[in-house]
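Notes follow once the structure below has been shown.
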Amino acid sequence: MSAKENEQGQGQEEGKEHGLATVGLTKAFGGVTALDDATVSFRHGRVNALIGPNGSGKTTFFNCVTGMIRPDAGRTTYRGRDITAKPPHRIARAGIGRSFQLCRVFPRMTVLDNLLVAVRPPNLLAQLAGARKREETERARYWLTRMGIEHLERAEARNLSWGQQKLLELAGVLMSEPELILLDEPAGGVNPALIDRICDLVRELNAEGRTFLIVEHNMDLVMSLSDHIVVFDRGRPIAEGPPSVIQSDERVLGAYLGV
Amino acid sequence: MAAVVAVALSFPSMAPSPYELTVGIAIVNYAVLSTSWNFVGGFTGYISLGHGAFAGLGAYTTALLVTKADLPSFAALFVSAALVAVLAVPVGYAALRVRGASFVIVSIALVLIMLLVFQSWSSFTGGSRGLVVPRPFPGMLRSEHHEVFYFLFLALLAVALLTWWIIDRSRFGMGLKAIREDEDKAQSLGTPTYTYKLVVFVVSATFTALAGGLYGLWFGDLDPVFQFSILSGAYMVLMALLGGVRHLYGPLLGAVIVGYGLEYSKLEYGDTPLHLVFAGLLLGVVVMFMPDGVIPAATGLIARVFKTGETSIREVTAAELREERGQGGAEPAPGSPGQKREVKQ
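Protein chains in written order, with this note's numbering: chain A, 120 to 378; chain B, 5 to 349.
So, in structure tokens, the structure goes:
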């Protein structure tokens, strides 16, 4: 797939190229400073994780990076391009896909249509063409099959279980062909078997060349899955490194225990 | 389907009097209006109560182009629709920034502003004295005039329905429906939601203006109080909701029901506000019992009836068994748990 080719082509030349990076990202809601001069970067091709105590600004970081919220100050770049305050659909088209903290699907659309929404028409005229073209439907089925929910294709999304909706949301994000996938608590409210399945999927997709940035509270998952971890506290990064380093970092323990 | 078209086409020749024909015209006019409204309301879920403004603007602009600029009637109609389309761009640009209830309120503001403008600027618009629109076919008999306009409204309805259908099955329509479901999510998947909303808003305003303009040419007399009334927008919403906003024919069905009801109560009870009571009650019934409209409620009912008739003997026997047991245990059998406990105590 395109993301894979991209990765192989560019990844080798610019091996340690930064994918997503922010400089001095700041966002306050009233008196609460959710992001405070956050400067952080995530390398391309890896499974990155963003952790931190509740209220440390992780979701605000996601929302600022994906254009859902306009930051008060600071810049965001993706692979060298400035994407600060671009509208969300532009950022999506730049190759960044995201899931939402509480899983969000289109409840009254069928499972298949949930994926077809993510198809990008090549030109203006194609907007008026039929929405259920064969090759797009095939591609949607491919992702549904990989998620293991292809048998639900005709069901309305609201009738799916929570876990199935999580998988559906991921399938929809993948349908939009992102290079970088931001997952906001992929294991939230999910049973252990499905957590394993989601982990396997992330590993497989990463091996195929997709970069991940995961916000998650399940530390077992974070430590086993990620190559690189950034720890947020009070709206800014306080530590970063591979899991082994983070696990023994005193500042991280302090932040989590509130010392 | 074919039968409905046949009835619609033969209605003028069947109508016993010109009055019935005017009721038919009013209903088809309502159908065009609420189908036009449904481009925004049905696809994107943005409830506009102010669409009456576009109908009124269509009517007044057409009339003014005929009287002041001496344009031929139907040229004026299309020029007026184009002008309203242009005006709908900045209006939509501003209104579509807010969602939900805020959008409803903003949409009402437009009607009220237009009402004030067209009432006060009486040197140009005729104000409350009204504006007489010259007839497009001067030599025609009254009944022929009605018949021609009946078919013109029907043609406009067909074009509006066709356009809705094309959008409904397109990628554009898929994006619009995604906006209705979850706008942030749609945007995060790459749908340019704001542009989509604006485009469909303009399409909707244009069809509404065409319906309004055609009404002006047919009715021949315009008054700001009726043209820029909250009611006309509210009727469009009621009709579309009643029929079912997710369905191509939903607004049309709603228009037939509500339109007939309105005309009937106007005829029976004259100038009383009883037709408003009727509309209000209907809205209450729809919201409480058929939030998705008549079409989904009816298809759901048919599906249920069909299912119990055809499928599971098992389901029926299970229910019957339970019933039998319940009845059997209630009186004669001392073996039922409820009774046992009573005995013990």
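All C-beta atoms in this analysis are idealised placements derived from N, C-alpha and C, irrespective of residue type, glycine included.
Coarse secondary structure for residue i, derived from DSSP in three states
{"i": "A/ASP201", "result": "strand"}
{"i": "A/ILE170", "result": "strand"}
{"i": "B/VAL320", "result": "Only weak support is given to the placement of B/VAL320: the predicted model assigns it a pLDDT of 40, under 50, and the value that follows is read from those uncertain coordinates. Three-state DSSP puts B/VAL320 in a helix."}
{"i": "A/SER160", "result": "strand"}
{"i": "B/HIS251", "result": "coil"}
{"i": "B/VAL70", "result": "helix"}
{"i": "A/LEU144", "result": "strand"}
{"i": "A/PHE225", "result": "coil"}
{"i": "B/LEU193", "result": "coil"}
{"i": "B/GLY4", "result": "Any answer about residue 4 of chain B is impossible in this case: the structure gives chain B only from 5 up to 349."}
{"i": "A/LEU289", "result": "helix"}
{"i": "B/HIS149", "result": "helix"}
{"i": "A/LEU234", "result": "helix"}
{"i": "B/ASP188", "result": "helix"}
{"i": "A/GLU272", "result": "coil"}
Own chain, CB closer than 6 Å to residue i, minus 5 neighbours either side, in chain order
{"i": "A/VAL224", "result": "ASN233, ALA276, GLN284, LEU287, GLU288"}
{"i": "B/LEU81", "result": "THR66, GLY217"}
{"i": "A/ILE104", "result": "Lying before the first or after the last residue shown, residue 104 of chain A is absent from chain A, which here runs from 120 to 378."}
{"i": "B/PHE15", "result": "GLY28"}
{"i": "B/VAL290", "result": "LEU245, LEU246"}
{"i": "B/PHE43", "result": "VAL204, VAL207, SER208"}
{"i": "B/SER269", "result": "LEU278, HIS279, PHE282"}
{"i": "A/GLU359", "result": "VAL349"}
Spatial neighbours of residue i in its chain, beta-carbon cut-off 7 Å, leaving aside the 5 residues before and after
{"i": "A/GLY138", "result": "PHE161, ARG162, HIS163, TYR197, ARG198, LEU299, THR330"}
{"i": "A/PRO172", "result": "ASP352, ALA374, TYR375"}
{"i": "A/GLN366", "result": "MET342"}
{"i": "B/SER350", "result": "With chain B running from 5 to 349 in the structure shown, residue 350 of chain B is simply not present."}
{"i": "B/GLU267", "result": "VAL27, ALA30"}
{"i": "B/THR48", "result": "LEU180, ILE183, ARG184, LYS201, VAL204"}
{"i": "A/VAL142", "result": "THR158, GLY193, ARG194"}
{"i": "A/ASP191", "result": "THR145, LYS146, ALA147"}
{"i": "B/LEU305", "result": "none"}
{"i": "B/GLY60", "result": "MET118, GLY216, GLN231, PHE232"}
Test item: CB-CB of residue i and residue j under 9 Å
{"i": "A/GLY176", "j": "A/LEU154", "result": "yes"}
{"i": "A/GLY354", "j": "A/THR145", "result": "yes"}
{"i": "B/GLY46", "j": "B/ALA244", "result": "yes"}
{"i": "B/GLY247", "j": "B/GLY237", "result": "no"}
{"i": "B/TYR154", "j": "B/VAL32", "result": "yes"}
{"i": "A/SER295", "j": "A/ARG239", "result": "yes"}
{"i": "B/VAL206", "j": "B/VAL70", "result": "no"}
{"i": "B/ALA283", "j": "B/GLY258", "result": "no"}
{"i": "B/GLY194", "j": "B/SER111", "result": "no"}
{"i": "B/TYR97", "j": "B/LEU180", "result": "no"}
{"i": "B/ARG173", "j": "A/GLN246", "result": "no"}
{"i": "A/LEU302", "j": "A/GLU272", "result": "no"}
{"i": "A/ARG165", "j": "A/ASN325", "result": "yes"}
{"i": "A/PRO207", "j": "B/ASP188", "result": "yes"}
{"i": "A/ILE170", "j": "A/MET338", "result": "yes"}
{"i": "B/LEU13", "j": "B/GLU151", "result": "no"}
Residue nearest to residue i in terms of C-alpha spacing, selected from the options
{"i": "B/PHE122", "options": "B/LEU53, B/TYR64, B/LEU87, B/GLY304", "result": "B/TYR64"}
{"i": "A/LEU332", "options": "A/GLY149, A/VAL184, A/VAL142", "result": "A/VAL184"}
{"i": "A/LEU235", "options": "A/SER218, A/ASN182, A/ALA290, A/GLY216", "result": "A/ALA290"}
{"i": "B/PHE107", "options": "B/SER52, B/SER40, B/ILE234, B/LEU266", "result": "B/SER52"}
{"i": "A/LEU320", "options": "A/TRP262, A/PRO226, A/GLY143, A/HIS336", "result": "A/TRP262"}
{"i": "B/PRO140", "options": "B/TYR219, B/PHE232, B/LYS270, B/LEU242", "result": "B/TYR219"}
{"i": "A/LEU293", "options": "A/SER218, A/PRO226, A/GLU272", "result": "A/SER218"}
{"i": "A/ARG189", "options": "A/THR256, A/ALA204, A/VAL350, A/LEU313", "result": "A/ALA204"}
{"i": "A/LEU313", "options": "A/VAL334, A/SER280, A/MET338, A/LEU324", "result": "A/SER280"}
{"i": "B/TRP169", "options": "A/ASN182, A/ARG212, A/GLY249, A/GLY149", "result": "A/GLY249"}
{"i": "A/ALA168", "options": "A/VAL371, A/VAL364, A/GLU335, A/PRO356", "result": "A/GLU335"}
{"i": "B/VAL11", "options": "B/LEU158, B/GLY134, B/ALA307, B/LEU305", "result": "B/LEU158"}
{"i": "B/VAL36", "options": "B/PRO22, B/ILE299, B/ALA162", "result": "B/ALA162"}
Residue interval of the alpha helix (DSSP H) (run including residue i)
{"i": "B/THR212", "result": "197-223"}
{"i": "A/ARG355", "result": "Run containing A/ARG355: none in the alpha helix (DSSP H); it sits in the beta strand (DSSP E), 355-360."}
{"i": "A/LEU324", "result": "311-326"}
{"i": "A/THR256", "result": "253-266"}
{"i": "B/LEU91", "result": "77-99"}
{"i": "B/SER127", "result": "126-129"}
Per-residue contacts from residue i into chain E (C-beta, under 8 Å)
{"i": "B/SER174", "result": "The question asks about chain E, but that chain is absent: this structure's protein chains are A and B."}
Endpoints, beta strand (DSSP E) assigned at residue i
{"i": "B/ARG175", "result": "Looking at the DSSP string, B/ARG175 is not in any beta strand (DSSP E); the run it does join, the alpha helix (DSSP H), is 175-185."}
{"i": "A/ASP352", "result": "347-352"}
{"i": "A/VAL334", "result": "330-334"}
{"i": "A/GLY216", "result": "215-217"}
{"i": "A/ILE300", "result": "299-303"}
Own chain partners of residue i with C-beta closer than 8 Å, once the 5 adjacent residues on each side are dropped
{"i": "A/MET228", "result": "VAL236, GLU275, ALA276"}
{"i": "B/ARG133", "result": "SER126"}
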